[in-house]
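Chemist: Here it is, the structure in full.
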């Protein structure tokens, strides 16, 4: 349970700072003064649509897209897209576009109440994970992944989409029950620093527009009080076929699907006097808009600037070229900033600059060049802000170098080759999103072959001068927005509006041209002396070949045809940080910073430049019980990935600057950690679940003082000095005979001392008995609840599948009770985790957020459902749903490289039979109502019960 120190990632994004949904949007009609316009473009050819997708329109105006695609097999992705959202709401309907989306799952003409969800779950479709929907400003989209090998289920899928499109019932009693759920959705997503700051940011980001008055979640007072006619009228006015599209992609017959669409959707009609669907824009701001916001629970000092620009829908080859150049600029500028962040004197903790859709697509056809900088304190924020502005000005004034452009071109070319080779392995879900964007915004949908040829052509044509010319257009003199978000305690130390504007004005002062720091030498100085394969065994039933190497390493090979251009691998051996002494534990916990610092003579930036255009990547890891390697590559580059494994084993990098920079950044995180209620609660959870064991407590500032680079480096070298017990698993598109010589050269040559190693059980166990702990932290009416039922057990695959069934049944019952019946939560969560080492243990975890007044009532309701399953077992319906979902998921998993990699690694770690998976159906058939009752009584005992609650401070 110990959290390992790693490269700091604050999780900030320059693309999105406000807490509202944002997706690809429809092209707008300008109703206000336009923002900065791009220069007129020379007319260029339109990009043709992919001929493999059939696009049609019914007489009622409904659009449809149909594409046969066999990945995954016997599956289809069905979408209903509607070009309506919160912008269409009247003043007294705010929040009802989103509410309507919820009601689509609470009763339709052909599927009353919850029958739709019940039907789909019995067919193996998971609610939430598969079956889902979302609402934004001007779109609402429903998604239904469904099997195609059952004719009845497949046909019913189109019936379900048609029910969403025009047959939602809107029963008054169901509306009233859903009010509380949506209010709780608002509470779960909000009631925190991000939410409070977003409410101050959005009036600036959306100033002068209709968007500012129509956030999709709506207003709580309206959600609680609107009369039924308001939502029924919204549905009647806006859910109409001339604003809708059906998208079907999957393993089916196109003509049959077209007929199903006609049969199910042709009868839908448009209103006799349809309301006009207006589009909205965002007005210019000539002077910079500046907003400085603080909050007591904000952890970081963040400065951001945006330069808004009008954009175009990508339809022509010129649009495609400009988009490619923007991508190149983002890549090169991002690499420069990452390079600065690795330096000990970096002026910011984290920074980023990129051109893209304004706030992730908040407003259609509006782009922005956006930069963000995070500083260690309010006093240093101006310096951090100035530094990121300086990088933008360096780009603007001097442009990029030819060597930088060469690197990004090589990477684009490599990705382009992979896309072409994987064209027949493209997932249906990926294709659906392309057609969705075409319907909603009009973006082109070229074929893979067309995109490949155009990309290669443009890569050969695009010059450094062209790239630098477009880079100069990104920083504009108007339509600027500057935002500051900081902890309230830093308020007096923050730069003023005048200081921020001065920094913006003077950012180009003393800027010099960028100097490339590439190293022109090979990854390895010389090829290692190859070892040998000394034995080979084949398991035909699971398609695995096991090699034993001369240095003791075991290699499992699983060739597949699931992807055409992918090889992935992982390895492990026992030990990990469990072997660290108490004295050097903190340094051992920082060991991940060694491989994160690069390898050999190459820091991460130099390594990325060296490997430009090469897909081979690998790394090393050390966790609590194991250490090992992982990586991936296209088949042509697998030798590079193996070379990196050898380099990480034999030539790790000790980089003082990178190490100290990360420790310094992590110190800032710890200093501000206590401001965030969820962080404080998380630390409590970590401590309680480990019985406050000294080796598993959250890292403190005092712990940072105990971290030594020399100790971390020595621990890393010790863990990888002896590879004789490493087990590698390699999965993907390779030929066994072709890969064998590479394994002998780079894996069989890894250092080996042939020692017997094992991890140490340091006695980190959860507390026995009943434990209750309440943390009081937070400003608003929001509680978080985590309940744990746990214990030691005899680990076995047969027991585990019974536990999985119990978890699934409990999940259904908790959802039904807490959300549907009590209307007290939005998305309760039930998790099962099992571990075999160092001691076999299981956890059932039930978690949810709710109003503080409802905590005791909802915990009581939760425990009531637990007791009900103990008394009666799971229902036959829940058992049926579990079996269907498991079988359907296994069908998908068996054709997935990542699944096989994890499966084989775990079987080897736990000493299990590799053929275990062949008995899954037999084990599923042993799950019954009676077995679920027996398992519930044994494993849901309240003998070991932990109750942890986060409440607002008193």
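In the numbering used here, the protein residues as written are 48 to 1001. A virtual CB, placed ideally from N, CA and C, is assigned to each residue, including glycine.
1) Please identify the residue among 619, 347 and 627 whose C-alpha is closest to the C-alpha of residue 952.
2) Quick check on DSSP: helix, strand or coil for residue 263?
3) Are there 16 or more other CB atoms within 10 angstroms of the CB of residue 800, so buried, or fewer, so exposed?
4) Using the C-alpha atoms, what's the distance from residue 887 back to residue 808?
5) Quick check on residue 421: buried or exposed, where buried means 16 or more other Cβ atoms within 10 Å of its Cβ?
6) Quick one: using the 10 Å Cβ neighbour count with 16 as the cut-off for buried, is residue 981 buried or exposed?
7) Assess contact between the stretch 881-901 and the stretch 140-148, defined as three or more Cβ pairs (one per stretch) separated by less than 8 angstroms. Is contact present?
8) Nearest to residue 251 by CA position, among 340, 949 and 206, is which residue?
9) Skipping 5 residues on each side, what residues in its chain have a beta carbon closer than 6 angstroms to that of residue 525?
10) Are the beta-carbon atoms belonging to residue 793 and residue 946 less than 8 angstroms from one another?
11) Once DSSP output is grouped into helix, strand and coil, what is the label at residue 255?
12) How would you call residue 522, buried or exposed, if buried means at least 16 neighbouring beta carbons within 10 angstroms?
13) In whole angstroms, what is the alpha-carbon distance linking residue 359 and residue 262?
14) Between the alpha carbons of residue 738 and residue 650, how many angstroms are there, rounded?
15) Please report how far the alpha carbon of residue 50 lies from the alpha carbon of residue 468, in whole angstroms.
16) Put residue 735 into one of helix, strand or coil per three-state DSSP.
17) Look up residue 173 in the DSSP assignment and say whether it is helix, strand or coil.
18) Measuring alpha carbon to alpha carbon, tell me which residue in 551, 484 and 437 is nearest residue 293.
19) Cα separation between residue 209 and residue 308?
20) Keeping to the same chain, check which residues put their C-beta closer than 6 angstroms to that of residue 235; ignore five residues upstream and five downstream.
21) For residue 444, which residues from the same chain have a beta carbon less than 7 angstroms from its beta carbon, with the 5 sequence-adjacent residues on both sides left out?
22) Is residue 274 buried or exposed, if buried means 16 or more other CB atoms sit within 10 Å of its CB?
23) If you follow the alpha helix (DSSP H) that residue 949 is in, where does it begin and where does it stop?
24) Following the continuous beta strand (DSSP E) through residue 839, name the residue where it begins and the one where it ends.
25) Would residue 415 and residue 377 be called neighbours here (beta carbons separated by less than 8 angstroms)?
26) Look at residue 820 and residue 724 and say whether their C-beta atoms are less than 8 angstroms apart.
27) With a 10 Å radius around its C-beta and 16 neighbouring C-beta atoms as the bar for buried, classify residue 92 as buried or exposed.
28) What is the residue span of the alpha helix (DSSP H) that residue 371 lies within?
29) Which of the three DSSP states is assigned to residue 400 in this structure?
30) Going by DSSP in three states, residue 873 sits in which element: helix, strand or coil?
31) Could you tell me the alpha carbon to alpha carbon distance between residue 802 and residue 623, rounded to whole angstroms?
32) Is it buried or exposed for residue 527, if we count other Cβ within 10 angstroms and need 16 for buried?
33) With distance defined between alpha-carbon atoms, name the residue in 990, 939, 270 and 446 nearest to residue 222.
34) Using 8 angstroms as the Cβ pair cut-off and three pairs as the minimum, do the stretch 317-336 and the stretch 144-153 touch?
35) Using a 10 Å radius around the Cβ and a threshold of 16 neighbouring Cβ atoms, would you call residue 71 buried or exposed?
36) Taking 8 angstroms as the cut-off, decide whether the C-beta atoms of residue 134 and residue 367 are in contact.
Modeler: On the basis of the data shown:
1) Of the listed residues, the one whose Cα sits closest to residue 952 is 619.
2) The answer is coil: DSSP assigns residue 263 none of H, G, I, E or B.
3) If you draw a 10 Å sphere on the C-beta of residue 800, you find fewer than 16 other C-beta atoms in it, and that means exposed.
4) About 12 angstroms.
5) Residue 421 comes out buried.
6) Exposed, since its Cβ has fewer than 16 Cβ neighbours within 10 Å.
7) With a cut-off of 8 angstroms, the stretch 140-148 and the stretch 881-901 do not count as touching, because too few Cβ pairs lie within range.
8) The residue with the shortest Cα to Cα distance from residue 251 is 340.
9) Closer than 6 angstroms at the Cβ level, and outside the excluded window around residue 525, lie 333.
10) Going by C-beta atoms, residue 793 is not nearer than 8 angstroms to residue 946.
11) The three-state reading of DSSP puts residue 255 in coil, since its state is none of H, G, I, E or B.
12) Residue environment analysis places residue 522 among the buried positions, since at least 16 neighbouring C-beta atoms fall within 10 angstroms of its C-beta.
13) Going by the C-alpha atoms only, they are around 24 angstroms apart.
14) Computed Cα separation, rounded: 40 angstroms.
15) At residue 50 the pLDDT is 40, less than 50, meaning the model places this residue with poor confidence; the figure from the coordinates comes in the next sentence. The alpha-carbon atoms of residue 50 and residue 468 are separated by roughly 39 angstroms.
16) Of the three classes helix, strand and coil, the one that applies to residue 735 here is helix, per DSSP.
17) DSSP, reduced to helix, strand and coil, places residue 173 outside both helices and strands of the structure shown, so it counts as coil.
18) It is 484 whose Cα lies nearest to the Cα of residue 293.
19) Each residue's alpha carbon lies about 9 angstroms from the other.
20) Only 873 and 896 meet the Cβ criterion.
21) The answer, listed in chain order, is 555 and 558.
22) So residue 274 ends up on the exposed side.
23) Run containing residue 949: 944-957, per the alpha helix (DSSP H) assignment.
24) First-last of the beta strand (DSSP E) with residue 839: 830-839.
25) Remark: C-beta atoms of residue 415 and residue 377 do not approach each other more closely than 8 angstroms.
26) Cβ distance not < 8 angstroms, so residue 820 and residue 724 don't count as in contact.
27) With fewer than 16 Cβ atoms within 10 Å of its Cβ, residue 92 is classed as exposed.
28) Segment 364-388, the alpha helix (DSSP H) holding residue 371.
29) Residue 400: strand per DSSP, three-state reduction.
30) In this structure, residue 873 counts as coil in the three-state DSSP scheme.
31) Distance between residue 802 and residue 623, taken at the CA atoms: about 15 angstroms.
32) It counts as buried.
33) Taking each of 990, 939, 270 and 446 in turn and checking the Cα distance to residue 222, the smallest one comes out for 270.
34) In short, these stretches do not touch, since the Cβ pair count stays below three.
35) Since pLDDT at residue 71 reaches only 29, below the 50 mark, its modelled position is unreliable, and the value read off the structure follows with that caveat. Looking at its Cβ environment, which holds 16 or more other Cβ atoms inside 10 Å, residue 71 is buried.
36) For the pair residue 134 and residue 367, the CB atoms are not nearer than the 8 angstroms cut-off.
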